[in-house]
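Colleague:
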Amino acid sequence: MEFLAPALVISIITLTLGATFVLRGPLGKALADRIGSRARDDAPIERLNREVAELRGEMAEVQERLDFAERLLAQQRERPGLPER
206 MEFLAPALVI SIITLTLGAT FVLRGPLGKA LADRIGSRAR DDAPIERLNR
256 EVAELRGEMA EVQERLDFAE RLLAQQRERP GLPER
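To convert, note that position 67 of the sequence shown is 272 in this note's numbering; the numbers rise steadily by one, no gaps.
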């Protein structure tokens, strides 16, 4: 069991130094930028939410117009035409 202790310590030190080297480099900076941008980039989401709400309003308006046109067509079909000779 005593022979595992030095190997374990060396492994931990090697992994720690390797992780420090990698995370301090470009990869670590890219990860930090990615994590930071998630927290502060809510503006595009808010813009999309407003646009979706606007499109839903326009869709409701178009549906009302379609219903009106259908009612007009139904009324014209129900009206009696000119008497035939």
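Cβ coordinates follow ideal geometry from the N, Cα and C atoms, glycine included.
Please report how far the alpha carbon of VAL267 lies from the alpha carbon of ALA279, in whole angstroms.
Modeller: If you take the alpha carbons of VAL267 and ALA279, they lie about 18 Å apart.
Colleague: Which runs of the beta strand (DSSP E), 3 residues or longer, sit entirely within the stretch 221-264?
Modeller: Counting whole runs of 3 or more residues, the stretch 221-264 contains no beta strand (DSSP E) stretch at all.
Colleague: I need the DSSP call for PRO285, collapsed to helix, strand or coil.
Modeller: Here PRO285 sits in coil by DSSP.
Colleague: Please report the straight-line C-alpha distance between THR221 and GLY233, rounded to a whole angstrom.
Modeller: Distance between the alpha carbons of THR221 and GLY233 is about 14 Å.
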